[in-house]
Amino acid sequence: MNWRNVFLIFRREVLDQVRDRRTLFMILILPVLLYPAMGVGIVPLIQFAEQPRTLVILGADALPEPALIDGNHFATEWFRDPADQKKIVVVSDAAPVTTSTEAAAEKHRKLLETAQSFREPLERQVVLEAQAVEAERSGDQRAMASLRLQRKELSASMSEAFATSGMHVLVVVPSDFSRNIHQLQDTASQRQFSSLTADYPRPIILRNSADEKSAMAAIRVQKVLASWEHAILKHLLRDVGLPEALPSPVHPTEVDLAADNELAANVWSKLFPALLMMMALTGAFYPAIDLGAGEKERGTMETLLICPATRTEIVIGKFFTVMLFSMATALLNLSSAGLSGKYMLSLTGGGAGGLSRLGDLSLPPLTSLVWVLVLLVPLSALFSALCLALATFAKSSKEGQYYLTPLLMLTLGLTMFCLSPAVEMQPFYSILPVMGPALLLKGLLLSNHQTGVLFVYVAPVLMSSLGYSFLALWWAIDQFGSEEVLFREAERFDLRLWLQHLLRDKEPTPSFSEAAFAFIFIMMLQFLSLKVLQAPLQAASAVERPLVMMQVLIIQQLVIIATPPLLMGVMLTTSVRQTFRLHMPRLSDLVAVMILPLALHPLTLEFSASLHWFFPPLPPSVGEAMAAMSSDHLPLWLVLLTFALAPAVCEELAFRGFILSGFRHTGRDRLAIILSGIAFGVMHLIPQQVLNAALLGILLGWIAVRTRSLWPGIAFHFLYNGLEVCRNRFGKLFDVTGGWQLLFRNEGGLRYQPLLLVLCAVLTVILLLILSRRRPVVSDTAEPPLSPLHASPSMLMQR
Amino acid sequence: MIFVEQLTKRFADLRHDGGFVALDGVSFDVQPGEIFGLLGPNGAGKTTCLRILSTVFRPTSGTALVAGYDVVTQPTEVRARIGFMSNNTGIYDRMTAYEMVQYFGRLYGIPEATLEQRIDHLFDQLQMRDIRDTLGSKMSTGMKQKVSIARTIVHDPPVLIFDEPTSGLDVLVARKVVDEIRGLRDQGKCIIYSTHIMREVEKLCHRIAIIYKGRILAIGSVAELQERYGQPDMESLFFELIDRHDEAVLSAK
């Protein structure tokens, strides 16, 4: 590769983008303007956000000392934050009315009038409530039902009037409330405790908690009343000569360890990863469209293709351009958002003002920002390569835009998942694309004391992210190497023609897209059948469950995994025999493949066991299946049928039959084997099994290609699964004593010792060598003749 | 300089069983100092053939050597020795004429000093001094065509491939282009030139191949062909050949 060419292309593309006013505006100018503009819009909104609410107090004259109300508000002393005082306007019937204007006085009078109309139903409600409590105590069901109905009717009749009344909370004070309190105080101060009764009518608070304004106001009123009540109580205690702290014997002191910058981190740890993902993606997307589809549209693609730069150099030059813009966009957005936030905070004084309710917005510490930068590199690389591949595929800019939404949705979905507090960094997540960086960034921004643990994940996250980027870049280069993609005609999709082609122009084996469709179809069926298959399992009693589960698993294999590829194979190919590799293998191959599971089973078992820490815990349904496998209550043949024979036949037909044959249509055997293996792994859904199954799937694919037959794979699969069934069922019966201890151990079931594993590894290598030895050229039609239409795209890549 | 044998190109196409055959066993060769014309209607396979020669397409079968290099196995060497121009090879909107030619010159690996002289010379020769700093988006079709020609010959390639370079141009610009190509022939370049305009072929080409539905119907100099098929001019020769071909295909069915 000529790096000078890469640089030349990179420089030209950057210059080109910088000269494009639209791109420049979208990517660079907009973020710089957007956040301050949003800030300008939000500050006044927050400052005037909370309107004062109206509280009406009836019977205010009957309120005892100390003074609860001061003019049109509660007295200042009842608030912790004096600013809250103005948030409740108190309208009371205590004379005199202190309103300035005639209109206000009129409004005041009207409010009181309306409030009076609530007095009677409210008091009735209180009586009903008391009766209900009585009825409940005596267990009178009928009275309870009738009372419930009456209360409901009463509430309904009040609620509408209350909603239109203009008040948010109504407090009705009983007329002799003050007198009762005084009496209580007198009795207490004379230390006549035996005659103390607190059985007098209490004030009633009316609110509508379904209305947010009313609910909020009621909370404020209750807080004020509570601190007022506390004052009355303190007064009482002082009179009696008891310590004031008596009513709160616990009253703990709270110590909050969070420093200011950590609070800030809390907000940013949610905002930054989301913003980073979104902006790195959009920042990559628009330039990528312009560099890929745009170049096709403007007719300069061919000009570029005939220059001496190789296609790899062209793609890499373009890739770096896209990446530069992706990173610049993300960084500009983050700094603009961060600085705007900081500035807004300084505007509102940082104290108890409106913004602090969102959390502290001062910027996270510098070290965290460095991490943002470090993680941005692999993220941008991944998005840039992906976007470039999609943009190269797209015929026009318009088509390119269509690909943005799914990509954005997927990324946002993953990011949102990572931002939920329950999801934490974990070895398995660290190697997933997007999720790894998102979780790491969240953790690193969150606070400082956990970061030590997180540093372990830095290397895996960076390495796997870069790995995904390379894969995506490879895909982009591959796209660029394919003339079908570069010179795609804007063909009109004709369903009739397409169906005709599908059924008429059949080839001996399925096409790549047919195989991919079969896989997606299987996955869809798996998803859709989750509920259907779960229903009988849930309906079954505990005793029947294992049996029902066996039946469900067999049906699942037959219907979901085997049937679609079989039907497609019959309908869409000319040679079922060739598609499903129904040829007889050579005897030596078959024997070698049948010994292989014996050697591989211990190795894979210990391998997955050693990776136990890596994965999230297993779902309970898997545990149940495992238990059923080792249960003695089911006949052995049924367990073998369920876990060994059915998967061996059905999964081999699907994955090593139809899907592998289709993938091999690309002419790239190795890629086909790996893809079919990964598909096989993904089909297992549970992360633990995905890895193991994918590796075995690759091996099985290789065996199928080497032996040109499906039968060895079926035999291997059956024996391998059968061994696992037997290990679970009989392993615990095997008494590991004497010399056996060199090879086996008992540790939650039969397990294998290192010595046995070494022997197995040696045997595996020997068997694989036997299988991979040079074999005579077979002139039968087992290998699909590659049609010239499907010439290898990989060869094009080098151009 | 150009050697093509049994070149076939098939495209995946739902309407045609086994794909659409754009080029069907085409063979010819072109010598230095010669202009070889590919004459045929739209969709005859001219562009496909020239795209294979410029390594943009891979042939389904057959061989093509350009300046001694195989287009399939040595594409980079081929691309370094050809200049390719068609009405599909656009120029960049947001680059000036000078930048555009310079960019491609650099990609061809011409040393900076040589490149500067070369561009100066080309801009004089093609009379494009006044559009030196004009952006592509601001240029007229004629100007763009000049930049395209400059881009095509900036690295002084021995082989030049022109795919309908005059289509869509007005008479004045078309004439300029044809004059330039003639000048290049006089410099001893090996030139292949495709068109559907008969007069251009008559004026410009030493030898021509008449191509129709992916096949070459006849090869030779204009005079030779007219004589061989007893036709007075290019146009009647052309239609005569096409009619014969269609009849032959019909009777074969």
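For the protein sequence lines, the chains are A and B, in the order given. Per the numbering used here, the first sequence starts with residue 1, numbered consecutively. Per the numbering used here, the second sequence starts with residue 800, numbered consecutively. By construction, the Cβ of each residue, glycine as well, lies at the ideal position given by its N, Cα and C atoms. Here the structure is a predicted model, which means the values were calculated and not measured.
Under the three-state reduction of DSSP output, Q85 (chain A) falls in the helix class. Taking a cut-off of 8 Å on C-beta distances, the stretch 732-749 of chain A does not touch the stretch 762-772 of chain A, as fewer than three cross pairs fall below it. Near chain A, meaning a CB-to-CB distance below 9 Å, the residues of the stretch 957-969 of chain B are I960. Membership of E804 (chain B) in the beta strand (DSSP E) is indicated by the continuous run I801 to F810. Excluding residues up to 5 positions away in sequence, P273, T415 and C418 lie with their Cβ nearer than 6 Å to the Cβ of A438 (chain A) in the same chain. Within a 10 Å sphere around the beta-carbon of R496 (chain A) sit fewer than 16 other beta-carbons, which makes this residue exposed. Where C989 (chain B) is concerned, the enclosing beta strand (DSSP E) starts and stops at C989 to T994. Around the C-beta of A821 (chain B), 16 or more other C-beta atoms lie within 10 Å, and the residue is accordingly described as buried. Taking C-beta atoms under 8 Å as the contact rule, Y897 (chain B) and G935 (chain B) fail to qualify, at a distance of about 11 Å. Close partners of I306 (chain A) in chain B (Cβ separation under 8 Å): S853, T854, V855, R878, I881, F883 and T888. Where I1009 (chain B) is concerned, the enclosing beta strand (DSSP E) starts and stops at R1006 to Y1011. For L822 (chain B), no alpha helix (DSSP H) encloses it; the enclosing beta strand (DSSP E) starts and ends at F819 to V829. Contact check for I1041 (chain B) against Y992 (chain B) fails: the beta carbons are separated by 7 Å or more. The distance from the Cβ of L55 (chain A) to that of V169 (chain A) is about 5 Å, consistent with a contact at the 8 Å cut-off. Taking the C-beta atoms as reference points, F320 (chain A) is found no nearer than 7 Å to F607 (chain A). DSSP places A188 (chain A) in the uninterrupted alpha helix (DSSP H) bounded by F177 to S189. In chain order, S165 place their CB closer than 7 Å to the CB of T114 (chain A), counting only its own chain and leaving out the 5 sequence neighbours on each side. When A:I232, A:A515 and A:Q534 are compared, the shortest CA-CA separation from L566 (chain A) is found for A:A515. Taken through DSSP and simplified to helix, strand or coil, E833 (chain B) comes out as coil.
Taking 7 Å as the CB threshold, L822 (chain B) stays off the interface with chain A. For V958 (chain B), the uninterrupted beta strand (DSSP E) run begins and ends at V958 to D962, by DSSP. Residues M1033 of the same chain have their beta carbon placed closer than 8 Å to that of R998 (chain B), with the five preceding and five following residues left out of the count. With 16 or more neighbouring CB atoms inside 10 Å of its own CB, N728 (chain A) falls in the buried class. Taking every protein chain shown into account, the CB of H954 (chain B) has 16 or more other CB atoms within 10 angstroms, so this residue is buried. Residue-level contact check: Y907 (chain B) touches chain A, since one or more beta carbons of chain A fall below 7 Å from its beta carbon. Residue environment analysis places Q741 (chain A) among the exposed positions, since fewer than 16 neighbouring C-beta atoms fall within 10 angstroms of its C-beta. In summary, the residues of the stretch 280-309 of chain A whose CB is separated from some CB of chain B by less than 8 Å are R298, G299, T300, E302, T303, L305, I306, C307, P308 and A309, in the order they occur in the chain.
Sequence-ordered contacts of the stretch 11-40 of chain A with chain B read R12, D16, R19 and D20 [C-beta pairs closer than 7 Å].
Assignment of beta-bridge partners to D919 (chain B) by DSSP yields no partner. Contact between the stretch 582-596 of chain A and the stretch 709-716 of chain A is present: 3 or more CB-CB pairs across the two stretches fall below 8 Å. The residue from A:F655, A:V705, A:L653 and A:L339 with its alpha-carbon nearest to that of R586 (chain A) is A:V705. Taking 7 Å as the upper bound on Cβ-Cβ separation, chain A lies near no residue of the stretch 1004-1022 of chain B. Here L1016 (chain B) really is in contact with I1009 (chain B); their C-beta atoms are around 5 Å apart, less than 8 Å. The C-alpha of C726 (chain A) is placed about 18 Å away from the C-alpha of L757 (chain A). At a cut-off of 7 Å between C-beta atoms, R893 (chain B) counts as an interface residue with respect to chain A. In the displayed model, A389 (chain A) falls within a helix according to three-state DSSP.
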